[in-house]
Each structure stands twice: as C-alpha cells, then as structure tokens.
Amino acid sequence: MSGIVGYIGKMQAYPFLIEGLYKLEYRGYDSAGVAVQCPDGLKIIKTKGEISNLEEKVGKNLLAGNAGFGHLRWATHGKPSEINAHPHRACSDDFALVHNGIIENYLQLRQWLESEGHRFISETDTEVLAHLIEHYYRGDLLESVQEAIKKVTGSFALVAGVRGEKDRLICARKDAPLMIGLGENENYISSDFAALLPHTRKIHILEDMETALITASAVKIFNSDCTVLQKKAQQINWDVTSAEKSGYEHFMLKEIMEQPQALRDTMRGRLLDGGKKIDLSSELNFTTQEIKDFAKVFIVACGTAYHAGLVGKYLMEKILRLPVEVDVASEFRYRDPLLCENTLVIVISQSGETADTLAALRLARERGHKILAITNVVGSSVAREAGRVLFTYAGPEIAVASTKAYLTQLLALYMLTYYFAQERNLLEQKQLEKAGESLFNLPAQVETILDREKEIPKMADYLSRWENAYFIGRNMDFAVALEGALKLKEISYIHAEAYAAGELKHGTLALVVEGIPVMALATQNAVLDKSLSNIKEIKARGGYVHCFAQEGSEALQNEVDSIFYLPPAEDVFLPVLAVIPLQLLAYYTAVARGCPIDNPRNLTKSITVE
Ligand code: F6R
C-alpha cells in the first residue's frame, strides 16, 4: 500500500508533493521520492527511509517546476533501497513514473522488454511499467499509457510524466486507489483523500481501467476504450483525520474492512485460473523432491501470528498428513526444541521484526533446517534472514490489534498446504481444483460477512457490560477461538479465555455463572453434535451463548441466545470466515467501553525487544 501524490498548476509542485507525502505517511513506507518537471529536464530525487531524508537530500537543490509527482514506497517486489524507490525512469531519462500495486506478469514483460533492448536497473515490478510506456511512446504519453496498461495483469495506480509534455500528467488505475482533486488552475493527485482535503473538496475518484490526462486547467478521464467520460467530481466533506481512515473512526475497522482486498492481493499471481492452479514454485524455490522429503513442520510465531500457525497445524495435519508442531517463539528459543532431520521451520510475523521470532529463526538456521518465512514486510529482518519467504500483501497494518495481517497469514498457509499437497501427489487434480476455487471465493464470502456488520453491535453491547468472557470451539474452531479471545482482551480489556470446548468440563465450567457471555464457535460440521452438547452444558448453567455457525446449522438456533450465520463452505476453510465476526465483536465491544482502540494500553505494534 504505497502512497502517490501529484501536482500540476500555477504554483511550484514540490511544496505540495512533500506536504502530501507527509499526509500519507500514516500508510507506512520504507522509501520516498519525487519527480519534478524542471526547466532542464525531469528531475528525480529519492531516498530510502524517512520523508525527512528526502527533504534533506532535496536540500538546496531547487526542484523548480509546476508539475511533478511523489511516492512513498511500501516494498512488495525488491527490498527497500534507493534504486528500488520511486519514481522510476525508463531507458531514457525523459520518462518518470510512480506506481502503487503489483504487476503480476512483470517477469514475462521484463524478459520481452530486455529482448527489445531495454535495460533495467531495479528489482521492482514498477520499472517494467516505465519501460513499457517508453516502448509504446510515439509522442503522446496518454496513448502510450493506455497501450501499456492493456499489456499488464495485476493492480496499479500510476502517475507518469515525460520531459516533452511538461504541461500534463497522466494517471491510470486498476484495483488500487487513485483520485484527482480539482483546484483553480491547478489540479492534484493522490492515493487517498488525506493529501487532497487541505486544498480541495472537489474530487474525482478514478475507477478501474480509467486513465486521466491532467493539465493545470483541465482533467479529462477516459474509459478502457479510450473514450472521454463526462464525470462529475464528488464533493467530499470529511475532515482530514477521518480521511486518513477512509471515513472510518478507527484504523482497526478500516483494516477489518480491507480484508477482502488484502486476500485478493495475497492470492494474486499465486492462485491462477480462478483458483484451478496454485503456483508458488518461483517464490519458494523448493524442488519437488525437497517438498516430498519434509517429515515434519514446525511453526513458530507470537501472538496473533501464533494463532494463525495453530490453524495451519490443523490444516496441514489434515491435508498433508505430516506432524506439525506450533510453538510461541519465546518458548521455542529457550527450550532446546527437538527438530528432527527434514523438519521445515515456518516462522510467521506480520512485522518481520519481532525479536523472539527472529531469535527462533536464527536458532533453526544454526541447526541447519530449511526455513520459510510468512511475513508482510519486504526487507524486514525475518524476510532477509529466512532465505525463503511467502509474502502476505495485507499492506501496512496500523492498528495495534492485527486483523488483515492474520487473515492473509491464514491464506498463505492454505496456499502453501495445497501447493505441497500437489507436489506430494496427495490429492487428485479435481480435489486440488476444488480447494483452489474455495480459496478463490473467500474474498467474496468475507465481503458478505462484512456487509452484515450491523448485526454485531447488539452482541457487543451485551458483552461490553461484563469483565469476563469465554470463547469455545472444537478442532479448527479452537484455534479461531484463541484469536477471538485475544482480540477482545487487547482492545476492550475484558478478561477473555478460549478453551477447546470439550475441556470445559475439566475445570472451567465452574466459572460459568448466570448470564456470563460465551462465544461458541460451531462452524466445524464434522463435530457439530459435540459442539452442541458443549453449548447445552453452558446453557444448563445459565451462560449466555453467542454462537457462530455455518448457514444450514439450524439445529443450533433454539439452543443459543444469538447466532451469527457464516456462508457455507467446507469445514477446513471456515477459520477465514469465522474470525471476521469475532474481530468486529471485539471492535464494537471496545467502542461500547470507550477504549482507545488503535493504541491499547501497554502494547505496541512491533515488539523488537525480548
Ligand atoms: C495481536 C497482535 C500481536 C502480534 C504479535 C506478533 O493483535 O498483533 O499479538 O501478532 O506481537 O507480531 P508479528 O506478527 O509482527 O511478529
């Protein structure tokens, strides 16, 4: 989730660009850069790290010019570095481009462009776009952008400029946000409202496959057939703070709502042909023999990432019939773990900087094991040291409580499992295709749950009046229950415990008193009868049961106090769906209790100390 800004008009472009970059800073980034149409050419200045580094580098360099664009990079392809930072040039210094998104077919395009004589200097997918535009350039930048975007698959929001066309900037978008703010003899471009609102409230939001030609005095928007559209700008009345959160009150809710997109971004280029094929070969770089030789999997992580690992255990043991151990990193590193030969160690970390997880990774590496990292941050310590990485593309997660990173970690584990099943010849082609299609459908199913957000505040209102709560579930539901309880604890400060439902009668049932809220996950149809018995045990002692089950489990309806139905799917995929109402429940409970949701007490986002 990089950030883009642009300006063309009567004023100098650079002051807006730098101010706009600061406004987008909250999105997270690892490098920054600007390009300005100066009298002596299209000048680019970029740096790794803070925006203040960029300002320092620009220093007394007068970036004088009335058109330009800037970029904050959150690395996806290629580590954070000055060369990989945007703007990117093509072969000639005349072109510059900034891009947000992922170009899926960049390797094929790069090979083809290299065979046509183009020379690449960065590791990014974006540079391919710059060369592609240069390749099609015949004196009209708009036409060459329109031509180039037809050749790419993936997502993009881009702004391009060429030295010979100082009076215009060209934009395009598909599956990544881009908007144009209208001023008086000046126009602005940004990835989101935050950079635009201090200057204008009249805003065009570009739609997929639209391109725009922007001059100081006019904005022309074209559809995918290159026909001019008569679009009316929207009047946006948000304040700047809510604009950063796309109008949501908290980053956590915004990030919960971003989950369908985060899933789509994470499956892009990996789940092919509507899910019929899963291909992780180039990223993982394991030979089929290596995959066949794995005798055990050891998953190590902390907190929410550990809970994702627990779902992975149930999944891998079921599908791969391999023993899977899951450990919290702070225990793993000090307990001299038994890692037999041919153990694959998977470390999971959103930030890629968690000290305990990093130490666990180093321990496994010292012992000579193959390591695979699942992380959200390209260039993080975990990504650099693991050797092999399956990145999640959740974009920067700002709320302390992890939501979209967890969901994409689950997806990464599912894709990995079915990819291994394919390489180990464990499933028939038809079964693989069915599983892939189920994964492919998850974002739409998550959307249908999010559309029913309004059902949650009522449940949350009840929960918010208690100081203790329980979460129960069997099988994969137990792993999800642990995550539901953690979410509730960390943001609402309600003491919440999760139990394997069958364990209650071994002690905890003593705590069930009249009215106590119990969140009962009953999504695993294979053990539905057993879950129902546990629910009855709680009801018989006066507990108040909120149930989460698949549509079609109507037998539960009369046994519980409230029920949230999830879209039906094979049991194995339910964790991805079941966690959504639990995230919303934690969120709305914390809202009802007036808690500081994005920054809970005593917690920080990335724990880089022991
Ligand atoms: C809880 C949460 C934490 C993190 C944990 C590991 O909502 O976010 O439990 O999951 O601190 O962090 P990463 O994944 O960055 O290693």
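1113 is the number of the first residue of the sequence shown in our numbering; add one for each residue after it.
For glycine and all other residues, C-beta sits at the position ideal for the given N, C-alpha and C.
Because the structure is a prediction, the values reported are computed rather than measured.
Cross-strand partners of residue i (DSSP beta bridge)
i     : result
G1654 : Beta-bridge pairing links G1654 to no other residue.
A1661 : A1634, Y1677
Q1149 : L1154
G1121 : E1298
G1273 : A1208
H1183 : I1116, G1145
V1340 : F1334
Y1611 : I1584
S1461 : T1487
L1384 : K1389
C1283 : V1271, A1324
P1708 : Per DSSP, none; premise fails for P1708.
F1685 : BP columns for F1685 are empty, so no partner.
G1266 : I1215
L1502 : I1486
I1315 : G1293, Q1346
D1237 : Paired residues: none, contrary to the question.
D1439 : V1412
P1629 : Y1656
T1159 : A1144
Proximity test, Cβ basis, 8 Å: residue i and chain D
i     : result
Y1605 : Absence of chain D from the displayed structure is noted, only one protein chain being present.
Collapsed DSSP secondary structure at residue i in the structure displayed
i     : result
H1419 : helix
E1298 : strand
D1252 : coil
N1580 : strand
I1510 : coil
A1202 : coil
H1243 : helix
G1293 : strand
A1197 : coil
T1455 : strand
V1257 : helix
A1478 : Note that residue 1478 corresponds to Glu in the displayed sequence, not to Ala. Reduced to three states, the DSSP call for E1478 is helix.
H1189 : coil
I1411 : strand
D1573 : helix
V1639 : helix
Span separating the alpha-carbon of residue i from that of residue j
i     : j     : result
D1205 : I1156 : 9 Å
M1321 : S1514 : 32 Å
I1214 : V1331 : 26 Å
L1554 : Q1149 : 44 Å
T1378 : R1653 : 44 Å
K1169 : Y1418 : 41 Å
L1219 : G1381 : 11 Å
A1471 : K1599 : 25 Å
R1275 : E1367 : 39 Å
A1667 : D1641 : 9 Å
A1328 : N1297 : 5 Å
D1279 : F1181 : 13 Å
L1562 : I1692 : 8 Å
G1664 : L1616 : 26 Å
R1250 : E1259 : 11 Å
D1559 : E1370 : In the sequence as presented, Asp is not what sits at residue 1559; that position holds Glu. Rounded to whole angstroms, E1559 to E1370 spans 9 Å at the Cα level.
K1286 : A1485 : 29 Å
L1475 : D1405 : 21 Å
G1421 : F1207 : 45 Å
G1229 : S1604 : 59 Å
Q1695 : L1133 : 31 Å
T1188 : Y1505 : 8 Å
I1317 : I1301 : 10 Å
L1254 : L1365 : 37 Å
A1629 : A1661 : With the sequence shown as reference, residue 1629 is identified as Pro, and Ala is not the correct amino acid for it. Each residue's alpha carbon lies about 17 Å from the other.
D1710 : D1468 : 23 Å
V1501 : I1458 : 9 Å
message: Closer than 8 Å is the cut-off here; do at least three beta carbon pairs connect the region 1414-1428 with the region 1511-1522?
response: yes
- prompt: Between the region 1383-1390 and the region 1526-1533, are three or more C-beta pairs nearer than 8 Å?
  reply: yes
field: Three or more C-beta pairs below 8 Å linking the region 1660-1678 and the region 1538-1547
entry: no
message: Assess contact between the region 1695-1708 and the region 1567-1577, defined as three or more Cβ pairs (one per stretch) separated by less than 8 Å. Is contact present?
response: yes
Cβ contact (3+ pairs, closer than 8 Å) linking the region 1581-1597 and the region 1400-1412: no
message: Quick check: the region 1645-1661 against the region 1544-1561, are at least 3 beta-carbon pairs closer than 8 Å?
response: no
- prompt: Counting Cβ pairs closer than 8 Å, one from the region 1681-1698 and one from the region 1624-1636, do we hit at least three?
  reply: yes
field: the region 1493-1512 in contact with the region 1337-1355 per 3-pair CB rule at 8 Å
entry: no
- request: Pair every Cβ in the region 1480-1490 with every Cβ in the region 1355-1362, then say whether three or more of these pairs are closer than 8 Å.
  value: no
- prompt: Contact between the region 1165-1179 and the region 1120-1129: three or more CB pairs below 8 Å?
  reply: yes
query: Is the region 1267-1274 touching the region 1331-1344 in the sense that three or more CB pairs, one from each, lie closer than 8 Å?
result: no
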